[in-house]
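K.L.:
Handing you this structure, nothing more for now.
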Amino acid sequence: DGRYRFVFPTVVGPRYNGSAAPAATAATAEVPADAAGAPADSHRSEGWIAQPFLRATRSAAHTFELHARLVSPLPIAAVSSPSHALSVDGAGTREATLRLAADAAHANRDLVIDWGLAGAAIGAGLLVQPAARDGDDNFFLLMAEPPARVAAADVLPREYVFIVDVSGSMHGFPLGVAKSLLRDLVSRLRPGDSFNVIPFAGGQSLLHPSSLPASEENIARAIRFINGQTGGGGTELLPALRRALAMPADAGRARTFVVITDGFVTIEKEAFDLVRAQAGHANLFAFGIGSSVNRWLIEGLARAGKGEPLFVLNEAEAPAQAERFRRMIEQPLLTRIRVRFPDGAGQMQVYDLDSVQLPDLFAQRPLVLMGKYRGALAGTIEIEGLAAGGALRLPIDVAQATQAGAASGMPTEGLKYLWARSRIATLGDDTRVGSHAASNEAAVREITALGLRYGLLTDYTSFIAVDKVVRNPGGRSTGVDQPSPLPEGVSELAVAEAPATPEPEFALLTALAGGMAWGLRRRRATASRDAADRGEVHRA
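Residue numbering for the sequence shown follows this note's numbering, starting at 822 and increasing by one per position.
So, in C-alpha coordinates, the structure goes:
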(Lines of atoms letter the chains of each structure in order from A and count residues from 1; the text may use other names and numbers.)
(Lines give C-alpha, C1' and ligand atoms only; values in the text may rest on other atoms or scores of the structure.)
Protein backbone atom coordinates (compact mmCIF):
# COMPACT_ATOMS: atom_id res chain seq x y z
CA ASP A 1 0.00 0.00 0.00
CA GLY A 2 2.92 2.33 -0.53
CA ARG A 3 4.01 2.13 3.13
CA TYR A 4 6.73 0.16 4.87
CA ARG A 5 6.79 -0.68 8.57
CA PHE A 6 9.40 -1.79 11.08
CA VAL A 7 8.35 -2.94 14.58
CA PHE A 8 10.69 -3.39 17.53
CA PRO A 9 9.12 -4.84 20.72
CA THR A 10 10.27 -3.35 24.02
CA VAL A 11 8.15 -5.16 26.62
CA VAL A 12 6.36 -8.48 27.03
CA GLY A 13 2.79 -8.30 28.28
CA PRO A 14 1.26 -10.67 30.85
CA ARG A 15 0.70 -14.22 29.65
CA TYR A 16 -2.22 -16.27 30.91
CA ASN A 17 -1.62 -20.01 31.00
CA GLY A 18 -4.98 -21.18 32.36
CA SER A 19 -5.04 -24.50 34.16
CA ALA A 20 -3.12 -26.32 31.44
CA ALA A 21 0.25 -26.18 33.18
CA PRO A 22 -0.02 -25.40 36.91
CA ALA A 23 3.69 -25.97 37.39
CA ALA A 24 4.42 -22.89 35.29
CA THR A 25 2.26 -20.58 37.37
CA ALA A 26 2.64 -18.88 40.72
CA ALA A 27 0.18 -17.30 43.13
CA THR A 28 2.28 -14.23 43.80
CA ALA A 29 5.53 -12.86 42.50
CA GLU A 30 7.15 -10.48 44.96
CA VAL A 31 9.63 -7.93 43.62
CA PRO A 32 11.83 -6.26 46.22
CA ALA A 33 12.45 -2.53 45.99
CA ASP A 34 15.79 -1.55 44.54
CA ALA A 35 18.22 0.81 46.22
CA ALA A 36 16.22 3.80 45.00
CA GLY A 37 13.00 2.33 46.31
CA ALA A 38 11.60 2.06 42.76
CA PRO A 39 9.69 -1.13 41.95
CA ALA A 40 7.03 -2.51 44.22
CA ASP A 41 5.38 -5.91 44.34
CA SER A 42 3.10 -7.30 41.66
CA HIS A 43 0.26 -9.68 42.57
CA ARG A 44 -0.28 -12.75 40.47
CA SER A 45 -3.40 -14.87 40.12
CA GLU A 46 -3.41 -18.58 39.51
CA GLY A 47 -3.05 -19.34 35.81
CA TRP A 48 -0.60 -16.53 35.06
CA ILE A 49 3.01 -17.16 34.10
CA ALA A 50 5.25 -16.16 37.01
CA GLN A 51 6.74 -12.97 35.62
CA PRO A 52 7.26 -9.87 37.79
CA PHE A 53 5.67 -6.58 36.73
CA LEU A 54 5.84 -3.11 38.17
CA ARG A 55 2.78 -1.38 39.53
CA ALA A 56 0.88 0.56 36.89
CA THR A 57 1.93 3.81 38.58
CA ARG A 58 5.63 2.95 38.44
CA SER A 59 8.01 3.69 35.59
CA ALA A 60 10.64 1.23 34.46
CA ALA A 61 13.97 1.28 36.27
CA HIS A 62 15.71 1.04 32.90
CA THR A 63 15.56 3.38 29.92
CA PHE A 64 15.13 2.71 26.23
CA GLU A 65 16.84 4.70 23.49
CA LEU A 66 17.17 4.26 19.77
CA HIS A 67 19.64 5.25 17.09
CA ALA A 68 18.72 3.77 13.71
CA ARG A 69 19.69 4.28 10.08
CA LEU A 70 17.11 3.69 7.39
CA VAL A 71 18.57 3.04 3.94
CA SER A 72 16.65 2.79 0.67
CA PRO A 73 17.40 2.44 -3.05
CA LEU A 74 15.01 5.40 -3.57
CA PRO A 75 14.54 8.69 -1.71
CA ILE A 76 12.61 8.28 1.53
CA ALA A 77 9.50 10.43 1.21
CA ALA A 78 8.38 10.50 4.83
CA VAL A 79 9.18 8.85 8.15
CA SER A 80 6.80 8.77 11.10
CA SER A 81 6.05 6.77 14.23
CA PRO A 82 2.56 6.19 15.66
CA SER A 83 4.13 5.00 18.93
CA HIS A 84 7.03 7.34 19.78
CA ALA A 85 8.17 10.90 19.09
CA LEU A 86 11.19 10.24 16.88
CA SER A 87 13.78 12.75 15.76
CA VAL A 88 14.27 12.24 12.00
CA ASP A 89 17.09 13.61 9.86
CA GLY A 90 17.52 12.96 6.14
CA ALA A 91 13.90 12.62 4.95
CA GLY A 92 13.91 13.21 1.19
CA THR A 93 17.27 11.46 0.76
CA ARG A 94 18.17 7.78 0.46
CA GLU A 95 19.29 7.55 4.09
CA ALA A 96 17.48 8.77 7.19
CA THR A 97 18.78 8.83 10.74
CA LEU A 98 16.28 8.18 13.51
CA ARG A 99 16.86 9.02 17.16
CA LEU A 100 14.91 8.52 20.37
CA ALA A 101 16.44 9.96 23.53
CA ALA A 102 16.83 7.66 26.52
CA ASP A 103 13.70 7.61 28.67
CA ALA A 104 12.03 5.04 30.89
CA ALA A 105 8.65 5.95 29.40
CA HIS A 106 9.71 4.57 25.99
CA ALA A 107 10.06 1.02 27.31
CA ASN A 108 6.39 0.10 27.79
CA ARG A 109 5.17 -0.27 24.18
CA ASP A 110 6.33 -1.49 20.78
CA LEU A 111 8.39 0.93 18.76
CA VAL A 112 6.76 1.32 15.32
CA ILE A 113 8.42 3.11 12.39
CA ASP A 114 6.52 3.85 9.16
CA TRP A 115 7.98 5.26 5.96
CA GLY A 116 7.16 5.70 2.29
CA LEU A 117 9.23 5.90 -0.88
CA ALA A 118 6.66 6.86 -3.48
CA GLY A 119 7.15 9.96 -5.60
CA ALA A 120 5.15 11.51 -8.40
CA ALA A 121 6.19 8.89 -10.97
CA ILE A 122 7.52 5.33 -11.16
CA GLY A 123 10.95 5.38 -9.55
CA ALA A 124 13.86 2.96 -9.72
CA GLY A 125 16.92 2.61 -7.52
CA LEU A 126 19.82 0.36 -6.57
CA LEU A 127 21.49 -0.78 -3.35
CA VAL A 128 24.75 -2.77 -3.22
CA GLN A 129 26.61 -4.65 -0.53
CA PRO A 130 30.30 -5.01 -1.44
CA ALA A 131 32.18 -7.97 -0.01
CA ALA A 132 33.55 -7.32 3.48
CA ARG A 133 36.59 -9.53 2.88
CA ASP A 134 38.26 -11.59 0.18
CA GLY A 135 36.23 -14.63 -0.83
CA ASP A 136 32.86 -13.10 0.08
CA ASP A 137 30.20 -12.34 -2.52
CA ASN A 138 28.89 -8.92 -3.54
CA PHE A 139 25.10 -8.43 -3.44
CA PHE A 140 22.65 -5.96 -4.95
CA LEU A 141 18.98 -5.07 -4.66
CA LEU A 142 17.14 -3.39 -7.52
CA MET A 143 13.74 -1.79 -6.91
CA ALA A 144 10.99 -0.17 -8.97
CA GLU A 145 8.46 1.71 -6.84
CA PRO A 146 4.96 2.78 -7.98
CA PRO A 147 3.99 6.45 -7.64
CA ALA A 148 2.12 7.76 -4.61
CA ARG A 149 -0.98 8.55 -6.66
CA VAL A 150 -2.15 6.73 -9.75
CA ALA A 151 -4.38 8.34 -12.37
CA ALA A 152 -6.92 6.23 -14.27
CA ALA A 153 -5.06 6.97 -17.49
CA ASP A 154 -1.91 5.32 -16.08
CA VAL A 155 -3.58 1.93 -15.52
CA LEU A 156 -3.05 -0.73 -18.18
CA PRO A 157 -5.93 -2.83 -19.55
CA ARG A 158 -6.02 -6.26 -17.89
CA GLU A 159 -6.57 -9.88 -18.88
CA TYR A 160 -7.54 -12.53 -16.34
CA VAL A 161 -7.52 -16.30 -16.89
CA PHE A 162 -9.30 -18.19 -14.09
CA ILE A 163 -8.27 -21.85 -13.69
CA VAL A 164 -10.88 -23.45 -11.42
CA ASP A 165 -10.77 -26.88 -9.75
CA VAL A 166 -14.16 -28.67 -10.01
CA SER A 167 -12.87 -32.15 -9.08
CA GLY A 168 -14.51 -34.56 -6.64
CA SER A 169 -12.57 -33.22 -3.65
CA MET A 170 -14.08 -29.79 -4.31
CA HIS A 171 -17.65 -31.11 -4.23
CA GLY A 172 -19.88 -29.36 -1.71
CA PHE A 173 -18.57 -26.51 0.42
CA PRO A 174 -15.21 -25.91 -1.42
CA LEU A 175 -16.86 -25.71 -4.84
CA GLY A 176 -19.58 -23.43 -3.46
CA VAL A 177 -16.92 -21.09 -2.10
CA ALA A 178 -14.99 -21.24 -5.39
CA LYS A 179 -18.12 -20.34 -7.37
CA SER A 180 -18.93 -17.49 -5.02
CA LEU A 181 -15.38 -16.16 -5.26
CA LEU A 182 -15.30 -16.45 -9.05
CA ARG A 183 -18.69 -14.79 -9.52
CA ASP A 184 -17.51 -11.93 -7.35
CA LEU A 185 -14.27 -11.47 -9.28
CA VAL A 186 -15.80 -11.73 -12.76
CA SER A 187 -18.76 -9.47 -12.03
CA ARG A 188 -16.46 -6.60 -11.01
CA LEU A 189 -14.22 -6.55 -14.07
CA ARG A 190 -13.95 -3.25 -15.92
CA PRO A 191 -15.34 -2.86 -19.46
CA GLY A 192 -11.82 -2.57 -20.88
CA ASP A 193 -10.68 -5.86 -19.35
CA SER A 194 -10.79 -9.32 -20.90
CA PHE A 195 -11.10 -12.73 -19.23
CA ASN A 196 -11.54 -16.47 -19.63
CA VAL A 197 -12.53 -19.38 -17.37
CA ILE A 198 -11.02 -22.90 -17.48
CA PRO A 199 -12.74 -25.41 -15.13
CA PHE A 200 -10.82 -28.66 -14.67
CA ALA A 201 -11.27 -32.06 -13.06
CA GLY A 202 -10.31 -35.26 -14.92
CA GLY A 203 -10.37 -33.08 -18.06
CA GLN A 204 -10.96 -29.43 -18.67
CA SER A 205 -13.38 -27.20 -20.52
CA LEU A 206 -13.15 -23.61 -21.69
CA LEU A 207 -15.51 -20.66 -21.60
CA HIS A 208 -14.16 -19.50 -24.99
CA PRO A 209 -11.13 -20.36 -27.18
CA SER A 210 -9.70 -16.89 -26.45
CA SER A 211 -10.29 -14.32 -23.75
CA LEU A 212 -13.53 -12.34 -24.02
CA PRO A 213 -14.15 -8.63 -23.41
CA ALA A 214 -15.67 -8.01 -19.98
CA SER A 215 -19.02 -6.86 -21.35
CA GLU A 216 -22.28 -7.34 -19.43
CA GLU A 217 -23.31 -10.07 -21.84
CA ASN A 218 -20.04 -11.99 -21.51
CA ILE A 219 -19.99 -11.64 -17.72
CA ALA A 220 -23.56 -13.02 -17.54
CA ARG A 221 -22.51 -15.87 -19.83
CA ALA A 222 -19.50 -16.62 -17.59
CA ILE A 223 -21.63 -16.67 -14.44
CA ARG A 224 -24.04 -19.16 -16.05
CA PHE A 225 -21.03 -21.25 -17.08
CA ILE A 226 -19.63 -21.14 -13.53
CA ASN A 227 -22.95 -22.01 -11.91
CA GLY A 228 -23.27 -25.06 -14.12
CA GLN A 229 -20.08 -26.68 -12.83
CA THR A 230 -20.42 -29.74 -10.56
CA GLY A 231 -17.70 -31.45 -8.53
CA GLY A 232 -16.50 -34.86 -9.67
CA GLY A 233 -13.48 -36.74 -11.01
CA GLY A 234 -9.74 -36.41 -10.46
CA THR A 235 -7.63 -33.26 -10.13
CA GLU A 236 -5.71 -32.96 -13.41
CA LEU A 237 -4.05 -29.63 -12.63
CA LEU A 238 -1.08 -29.92 -15.00
CA PRO A 239 -3.08 -30.25 -18.26
CA ALA A 240 -5.25 -27.30 -17.21
CA LEU A 241 -2.17 -25.19 -16.47
CA ARG A 242 -0.60 -26.13 -19.81
CA ARG A 243 -3.76 -25.17 -21.67
CA ALA A 244 -4.00 -21.83 -19.87
CA LEU A 245 -0.33 -20.94 -20.28
CA ALA A 246 -0.45 -21.81 -24.00
CA MET A 247 -3.33 -19.41 -24.74
CA PRO A 248 -2.34 -16.51 -27.02
CA ALA A 249 -1.65 -13.33 -25.07
CA ASP A 250 -2.52 -9.74 -25.90
CA ALA A 251 0.78 -7.87 -25.75
CA GLY A 252 -0.97 -4.66 -24.72
CA ARG A 253 -2.55 -6.11 -21.59
CA ALA A 254 -1.28 -7.01 -18.13
CA ARG A 255 -1.98 -10.72 -17.89
CA THR A 256 -2.84 -12.51 -14.64
CA PHE A 257 -3.56 -16.21 -14.10
CA VAL A 258 -5.71 -17.10 -11.09
CA VAL A 259 -5.65 -20.73 -9.87
CA ILE A 260 -8.51 -21.73 -7.53
CA THR A 261 -8.11 -25.19 -5.94
CA ASP A 262 -7.80 -27.18 -2.71
CA GLY A 263 -4.49 -28.48 -4.05
CA PHE A 264 -5.11 -32.20 -3.45
CA VAL A 265 -2.43 -33.35 -5.91
CA THR A 266 1.06 -34.85 -5.78
CA ILE A 267 2.59 -33.08 -8.78
CA GLU A 268 3.72 -29.94 -6.97
CA LYS A 269 7.25 -29.87 -8.42
CA GLU A 270 6.03 -30.36 -12.00
CA ALA A 271 3.51 -27.54 -11.52
CA PHE A 272 6.20 -25.18 -10.17
CA ASP A 273 8.55 -26.01 -13.04
CA LEU A 274 5.79 -25.52 -15.62
CA VAL A 275 4.85 -22.08 -14.27
CA ARG A 276 8.48 -20.95 -14.07
CA ALA A 277 9.14 -22.08 -17.64
CA GLN A 278 5.96 -20.93 -19.41
CA ALA A 279 4.29 -18.12 -17.46
CA GLY A 280 6.42 -15.58 -19.30
CA HIS A 281 5.58 -12.04 -18.28
CA ALA A 282 2.27 -12.99 -16.69
CA ASN A 283 1.55 -13.04 -12.96
CA LEU A 284 0.01 -16.03 -11.21
CA PHE A 285 -2.06 -15.75 -8.04
CA ALA A 286 -3.28 -18.88 -6.24
CA PHE A 287 -6.40 -19.22 -4.08
CA GLY A 288 -6.47 -22.15 -1.66
CA ILE A 289 -10.10 -23.13 -0.97
CA GLY A 290 -11.12 -25.33 1.96
CA SER A 291 -10.40 -26.15 5.57
CA SER A 292 -7.28 -28.26 4.90
CA VAL A 293 -5.57 -26.79 1.85
CA ASN A 294 -2.28 -27.99 0.33
CA ARG A 295 -0.46 -24.79 1.28
CA TRP A 296 2.81 -25.99 -0.19
CA LEU A 297 1.20 -26.06 -3.63
CA ILE A 298 -0.62 -22.74 -3.25
CA GLU A 299 2.40 -20.86 -1.90
CA GLY A 300 4.79 -22.51 -4.37
CA LEU A 301 2.59 -21.70 -7.38
CA ALA A 302 2.36 -18.07 -6.30
CA ARG A 303 6.12 -17.89 -5.75
CA ALA A 304 6.83 -19.45 -9.16
CA GLY A 305 4.39 -17.05 -10.82
CA LYS A 306 5.60 -14.00 -8.87
CA GLY A 307 2.13 -13.48 -7.42
CA GLU A 308 0.68 -13.93 -3.95
CA PRO A 309 -1.01 -16.87 -2.18
CA LEU A 310 -4.51 -16.32 -0.76
CA PHE A 311 -6.59 -18.68 1.37
CA VAL A 312 -10.36 -18.96 1.85
CA LEU A 313 -11.29 -21.28 4.72
CA ASN A 314 -15.07 -20.81 4.49
CA GLU A 315 -17.72 -19.00 2.49
CA ALA A 316 -17.81 -16.04 4.86
CA GLU A 317 -14.16 -15.26 4.07
CA ALA A 318 -14.58 -15.27 0.28
CA PRO A 319 -15.67 -11.60 -0.17
CA ALA A 320 -12.82 -10.27 1.99
CA GLN A 321 -10.18 -12.33 0.17
CA ALA A 322 -11.61 -11.34 -3.22
CA GLU A 323 -11.39 -7.68 -2.18
CA ARG A 324 -7.80 -8.15 -1.02
CA PHE A 325 -6.92 -9.72 -4.36
CA ARG A 326 -8.60 -6.89 -6.28
CA ARG A 327 -6.70 -4.24 -4.32
CA MET A 328 -3.44 -5.97 -5.10
CA ILE A 329 -3.87 -6.21 -8.86
CA GLU A 330 -6.46 -3.65 -9.90
CA GLN A 331 -3.89 -1.08 -11.03
CA PRO A 332 -1.11 -2.57 -13.18
CA LEU A 333 1.26 0.22 -14.21
CA LEU A 334 4.03 -1.60 -16.02
CA THR A 335 4.00 -4.97 -17.80
CA ARG A 336 6.36 -6.98 -20.04
CA ILE A 337 9.16 -5.90 -17.73
CA ARG A 338 12.75 -6.83 -18.38
CA VAL A 339 16.04 -5.61 -16.96
CA ARG A 340 19.14 -4.98 -19.04
CA PHE A 341 22.35 -5.17 -17.03
CA PRO A 342 25.78 -3.86 -18.12
CA ASP A 343 27.73 -6.35 -20.20
CA GLY A 344 30.91 -4.48 -21.11
CA ALA A 345 34.40 -5.02 -19.73
CA GLY A 346 35.08 -3.15 -16.52
CA GLN A 347 31.39 -2.91 -15.69
CA MET A 348 29.03 -4.51 -13.18
CA GLN A 349 28.48 -8.19 -14.04
CA VAL A 350 25.43 -9.83 -12.37
CA TYR A 351 24.68 -13.49 -11.66
CA ASP A 352 22.60 -15.70 -9.33
CA LEU A 353 19.45 -13.60 -9.74
CA ASP A 354 16.64 -14.55 -7.39
CA SER A 355 14.16 -14.40 -10.28
CA VAL A 356 14.43 -14.86 -14.03
CA GLN A 357 10.88 -13.72 -14.78
CA LEU A 358 9.68 -10.42 -13.37
CA PRO A 359 6.07 -9.71 -12.35
CA ASP A 360 4.09 -6.66 -13.36
CA LEU A 361 4.49 -3.49 -11.37
CA PHE A 362 1.21 -2.76 -9.57
CA ALA A 363 0.18 0.40 -7.76
CA GLN A 364 0.01 -1.62 -4.52
CA ARG A 365 3.19 -3.65 -4.88
CA PRO A 366 6.80 -2.67 -5.72
CA LEU A 367 9.11 -4.69 -7.94
CA VAL A 368 12.23 -6.09 -6.24
CA LEU A 369 15.08 -8.05 -7.85
CA MET A 370 18.11 -9.35 -5.95
CA GLY A 371 21.32 -11.05 -6.98
CA LYS A 372 25.10 -11.08 -6.86
CA TYR A 373 27.61 -9.09 -8.88
CA ARG A 374 31.28 -9.03 -9.68
CA GLY A 375 33.50 -6.45 -11.29
CA ALA A 376 33.47 -2.68 -11.00
CA LEU A 377 30.39 -0.68 -10.04
CA ALA A 378 30.04 0.95 -13.42
CA GLY A 379 27.67 0.90 -16.39
CA THR A 380 23.92 1.44 -16.73
CA ILE A 381 21.04 -0.77 -15.62
CA GLU A 382 17.84 -0.30 -17.64
CA ILE A 383 14.38 -1.36 -16.50
CA GLU A 384 12.09 -1.55 -19.54
CA GLY A 385 8.39 -2.21 -19.74
CA LEU A 386 5.07 -1.33 -21.32
CA ALA A 387 3.04 1.41 -19.60
CA ALA A 388 -0.39 2.79 -20.51
CA GLY A 389 1.31 5.52 -22.55
CA GLY A 390 3.64 3.14 -24.38
CA ALA A 391 7.15 1.84 -23.80
CA LEU A 392 8.85 3.08 -20.64
CA ARG A 393 12.57 3.03 -19.86
CA LEU A 394 14.07 3.62 -16.40
CA PRO A 395 17.89 3.94 -16.57
CA ILE A 396 20.06 3.70 -13.45
CA ASP A 397 23.68 4.88 -13.53
CA VAL A 398 25.42 2.29 -11.36
CA ALA A 399 28.34 4.48 -10.33
CA GLN A 400 26.12 7.43 -9.44
CA ALA A 401 23.62 5.26 -7.55
CA THR A 402 26.31 3.59 -5.43
CA GLN A 403 28.71 6.48 -4.83
CA ALA A 404 26.35 8.24 -2.43
CA GLY A 405 25.96 5.09 -0.41
CA ALA A 406 29.70 4.42 -0.29
CA ALA A 407 30.40 8.00 0.80
CA SER A 408 27.97 7.81 3.72
CA GLY A 409 28.84 4.24 4.71
CA MET A 410 25.30 2.99 4.17
CA PRO A 411 24.64 -0.17 6.24
CA THR A 412 23.59 -2.62 3.54
CA GLU A 413 24.86 -5.83 5.13
CA GLY A 414 21.27 -7.11 5.26
CA LEU A 415 21.16 -7.69 1.49
CA LYS A 416 23.00 -11.01 1.68
CA TYR A 417 20.39 -12.37 4.10
CA LEU A 418 17.49 -11.21 1.92
CA TRP A 419 19.05 -12.87 -1.13
CA ALA A 420 19.76 -16.11 0.77
CA ARG A 421 16.21 -16.27 2.16
CA SER A 422 14.75 -15.85 -1.31
CA ARG A 423 17.02 -18.55 -2.73
CA ILE A 424 16.18 -20.95 0.11
CA ALA A 425 12.43 -20.40 -0.41
CA THR A 426 12.71 -21.22 -4.12
CA LEU A 427 14.83 -24.32 -3.50
CA GLY A 428 12.51 -25.41 -0.70
CA ASP A 429 9.58 -25.68 -3.11
CA ASP A 430 11.40 -28.57 -4.79
CA THR A 431 12.59 -30.50 -1.75
CA ARG A 432 9.46 -31.42 0.20
CA VAL A 433 8.62 -35.03 0.87
CA GLY A 434 7.11 -36.89 -2.04
CA SER A 435 8.02 -38.79 -5.15
CA HIS A 436 10.83 -36.41 -6.03
CA ALA A 437 12.53 -36.19 -2.63
CA ALA A 438 15.30 -38.62 -3.61
CA SER A 439 16.20 -36.62 -6.73
CA ASN A 440 16.63 -33.35 -4.87
CA GLU A 441 19.75 -34.12 -2.86
CA ALA A 442 21.63 -31.32 -4.59
CA ALA A 443 18.96 -28.80 -3.57
CA VAL A 444 19.04 -30.09 0.02
CA ARG A 445 22.82 -29.71 0.10
CA GLU A 446 22.55 -26.16 -1.26
CA ILE A 447 19.88 -25.16 1.27
CA THR A 448 22.02 -26.60 4.08
CA ALA A 449 25.08 -24.73 2.86
CA LEU A 450 23.14 -21.46 2.59
CA GLY A 451 21.70 -21.88 6.08
CA LEU A 452 25.14 -22.50 7.57
CA ARG A 453 26.92 -19.76 5.61
CA TYR A 454 24.37 -17.03 6.34
CA GLY A 455 23.17 -18.19 9.76
CA LEU A 456 19.57 -18.82 8.68
CA LEU A 457 16.97 -21.25 9.97
CA THR A 458 15.98 -23.76 7.26
CA ASP A 459 14.43 -27.22 7.02
CA TYR A 460 17.94 -28.65 7.45
CA THR A 461 19.71 -26.17 9.75
CA SER A 462 18.88 -24.94 13.21
CA PHE A 463 20.28 -22.61 15.85
CA ILE A 464 22.16 -23.62 18.97
CA ALA A 465 21.53 -21.44 22.02
CA VAL A 466 24.03 -21.27 24.88
CA ASP A 467 21.92 -21.51 28.01
CA LYS A 468 24.35 -20.18 30.59
CA VAL A 469 27.73 -18.45 30.52
CA VAL A 470 29.62 -17.88 33.77
CA ARG A 471 31.07 -14.37 33.73
CA ASN A 472 32.78 -14.51 37.13
CA PRO A 473 34.13 -18.06 37.64
CA GLY A 474 34.58 -18.77 41.33
CA GLY A 475 32.78 -15.60 42.38
CA ARG A 476 29.43 -15.07 44.00
CA SER A 477 26.29 -14.36 42.06
CA THR A 478 22.80 -13.38 43.12
CA GLY A 479 19.67 -13.99 41.09
CA VAL A 480 17.46 -10.93 40.75
CA ASP A 481 13.95 -10.79 39.33
CA GLN A 482 13.98 -7.81 37.00
CA PRO A 483 10.40 -6.50 36.80
CA SER A 484 8.94 -5.30 33.52
CA PRO A 485 6.66 -2.31 33.24
CA LEU A 486 3.07 -3.07 32.36
CA PRO A 487 2.42 -2.34 28.67
CA GLU A 488 0.95 1.07 28.04
CA GLY A 489 -2.81 1.10 28.52
CA VAL A 490 -2.85 -2.19 30.47
CA SER A 491 -4.17 -2.01 34.05
CA GLU A 492 -3.16 -4.14 37.02
CA LEU A 493 -6.35 -6.17 36.51
CA ALA A 494 -4.39 -7.98 33.78
CA VAL A 495 -2.19 -9.61 36.43
CA ALA A 496 -3.97 -9.17 39.79
CA GLU A 497 -6.64 -11.06 41.67
CA ALA A 498 -10.25 -10.12 40.92
CA PRO A 499 -11.37 -7.22 43.14
CA ALA A 500 -13.03 -8.23 46.40
CA THR A 501 -15.66 -5.46 46.16
CA PRO A 502 -18.47 -6.58 43.82
CA GLU A 503 -19.34 -4.55 40.77
CA PRO A 504 -22.53 -2.38 41.11
CA GLU A 505 -24.43 -4.52 38.62
CA PHE A 506 -23.58 -7.65 40.57
CA ALA A 507 -24.61 -6.02 43.88
CA LEU A 508 -27.98 -4.99 42.38
CA LEU A 509 -28.66 -8.49 41.07
CA THR A 510 -27.76 -9.93 44.49
CA ALA A 511 -30.17 -7.55 46.27
CA LEU A 512 -32.96 -8.43 43.85
CA ALA A 513 -32.37 -12.15 44.33
CA GLY A 514 -32.38 -11.72 48.13
CA GLY A 515 -35.64 -9.77 48.02
CA MET A 516 -37.32 -12.44 45.90
CA ALA A 517 -36.15 -15.20 48.27
CA TRP A 518 -37.45 -13.28 51.31
CA GLY A 519 -40.87 -12.77 49.64
CA LEU A 520 -41.07 -16.44 48.74
CA ARG A 521 -40.32 -17.47 52.33
CA ARG A 522 -43.03 -15.09 53.61
CA ARG A 523 -45.59 -16.60 51.24
CA ARG A 524 -44.67 -20.16 52.29
CA ALA A 525 -44.87 -19.27 56.00
CA THR A 526 -48.33 -17.73 55.55
CA ALA A 527 -49.52 -20.76 53.55
CA SER A 528 -48.26 -23.13 56.27
CA ARG A 529 -50.12 -21.28 59.02
CA ASP A 530 -53.34 -21.36 56.97
CA ALA A 531 -52.90 -25.08 56.31
CA ALA A 532 -52.36 -25.78 60.02
CA ASP A 533 -55.57 -23.94 60.82
CA ARG A 534 -57.36 -26.26 58.33
CA GLY A 535 -55.63 -29.41 59.64
CA GLU A 536 -53.66 -29.94 56.40
CA VAL A 537 -50.01 -31.05 56.06
CA HIS A 538 -47.85 -29.85 53.21
CA ARG A 539 -44.26 -30.69 52.40
CA ALA A 540 -42.12 -27.84 51.17
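For each residue, glycine too, the CB sits at the ideal point set by N, CA and C.
Bear in mind the structure is a predicted one, so any value in this text is a computation, not a measurement.
1) Assuming the contact rule is C-beta atoms closer than 8 Å, residue 979 and residue 920 should be a hit. Round their C-beta distance to whole Å, please.
2) Kindly list the residues whose CB is nearer than 7 Å to the CB of residue 827, restricted to its own chain and excluding five residues on each side of it in sequence; keep chain order.
3) Run through DSSP, which three-state label would residue 1193 get?
4) Identify every residue that forms a DSSP beta bridge with residue 1291.
5) My parser needs the alpha helix (DSSP H) runs of 4 or more residues fully inside the stretch 1077 to 1122; what are they?
6) For residue 1130, which three-state DSSP category applies?
7) Secondary structure at residue 1027, three-state DSSP: helix, strand or coil?
8) For residue 1308, tell me which candidate among 1187, 1059, 927 has the shortest Cα-Cα distance.
9) Which residue comes first and which comes last in the beta strand (DSSP E) that contains residue 979?
10) Could you tell me how far apart the beta carbons of residue 835 and residue 1316 are, in whole angstroms, since I believe they sit closer than 8 Å?
11) Which residues in the same chain as residue 824 place their Cβ atom closer than 8 Å to its Cβ, once the five residues preceding and following it in sequence are excluded?
12) Which residue from 1023, 1158, 983 puts its Cα closest to that of residue 1211?
13) Going by the CB atoms, is the gap between residue 1035 and residue 1014 shorter than 8 Å?
14) How many angstroms separate the CA atom of residue 1147 from the CA atom of residue 1006?
15) Name the DSSP bridge partner or partners of residue 920?
16) Quick one: what's residue 1201 bridged to in DSSP?
17) Does the stretch 1038 to 1053 come close enough to the stretch 984 to 1004 that 3 or more CB-CB pairs lie under 8 Å?
18) Is residue 1076 closer than 8 Å to residue 1070 when the C-beta atoms are compared?
19) Just curious, the beta strand (DSSP E) that residue 1146 is in, first and last residue?
20) Between the C-alpha atoms of residue 1104 and residue 1176, what's the straight-line distance to the nearest angstrom?
21) Whose C-beta lies closer than 6 Å to the C-beta of residue 1125 among residues of the same chain, with five residues either side of it excluded?
22) Please state whether the Cβ-Cβ distance between residue 1080 and residue 981 is less than 8 Å.
23) Who are residue 1284's beta bridge partners in DSSP?
24) For residue 966 and residue 1182, what's the separation of their Cα atoms in angstroms?
25) What's the call for residue 959, buried or exposed, on a 16-neighbour Cβ count within 10 Å?
26) Pick from 930, 1002, 1242, 1280: whose alpha carbon is nearest that of residue 881?
27) Just mark residue 972 as buried or exposed, buried being the case when its beta carbon has 16 or more other beta carbons within 10 Å.
28) Note the first and the last residue of the continuous alpha helix (DSSP H) segment covering residue 960.
29) Could you give the first and the last residue of the continuous alpha helix (DSSP H) run that contains residue 944?
30) Below 8 Å on the Cβ atoms is my contact criterion, and I expect residue 1168 with residue 1196 to pass it. Report the Cβ-Cβ distance as a whole number of Å.
31) How close, in whole Å, do the beta carbons of residue 1102 and residue 1156 come, if the pair is a contact with beta carbons under 8 Å?
32) Between 1194, 1280, 885, 1009, which has its C-alpha nearest residue 1162's C-alpha?
33) Nearest to residue 915 by alpha carbon, out of 999, 1277, 946?
34) Anyone know if the C-beta pair for residue 1058 and residue 1087 falls short of 8 Å?
35) Going by alpha carbons, who is nearest to residue 1299 out of 875, 1241, 1291?
36) Hey, could you find the ends of the alpha helix (DSSP H) residue 897 is sitting in?
P.N.:
For this structure:
1) The pair is not a contact, with the Cβ atoms about 45 Å apart (cut-off 8 Å).
2) 934
3) Residue 1193 falls in the strand class under three-state DSSP.
4) Answer is none; residue 1291 lacks a bridge partner.
5) 1089 to 1099
6) strand
7) coil
8) 927
9) 979 to 986
10) 5 Å
11) 935, 936, 937
12) Nearest to residue 1211 by C-alpha distance, out of 1023, 1158, 983, is 1158.
13) yes
14) As the crow flies, the alpha-carbon of residue 1147 is around 8 Å from that of residue 1006.
15) 888, 908
16) 1218
17) yes
18) yes
19) Membership of residue 1146 in any beta strand (DSSP E) is not indicated; the residue belongs instead to the alpha helix (DSSP H) covering 1139 to 1150.
20) 13 Å
21) 1093, 1096, 1097
22) no
23) The partner list for residue 1284 (beta bridge, DSSP) is empty, contrary to what the question assumes.
24) 8 Å
25) buried
26) 930
27) exposed
28) Taken as a continuous stretch (DSSP letters only), residue 960 belongs to no alpha helix (DSSP H), being part of the beta strand (DSSP E) at 959 to 966.
29) From DSSP, residue 944 is part of no alpha helix (DSSP H) but of the beta strand (DSSP E) over 944 to 950.
30) 6 Å
31) 6 Å
32) Check the Cα spacing between residue 1162 and each of 1194, 1280, 885, 1009: the tightest is with 1194.
33) Comparing Cα-Cα distances from residue 915 to each of 999, 1277, 946, the minimum goes to 946.
34) No.
35) 1291
36) Careful: residue 897 lies outside any alpha helix (DSSP H) and carries neither H nor E.
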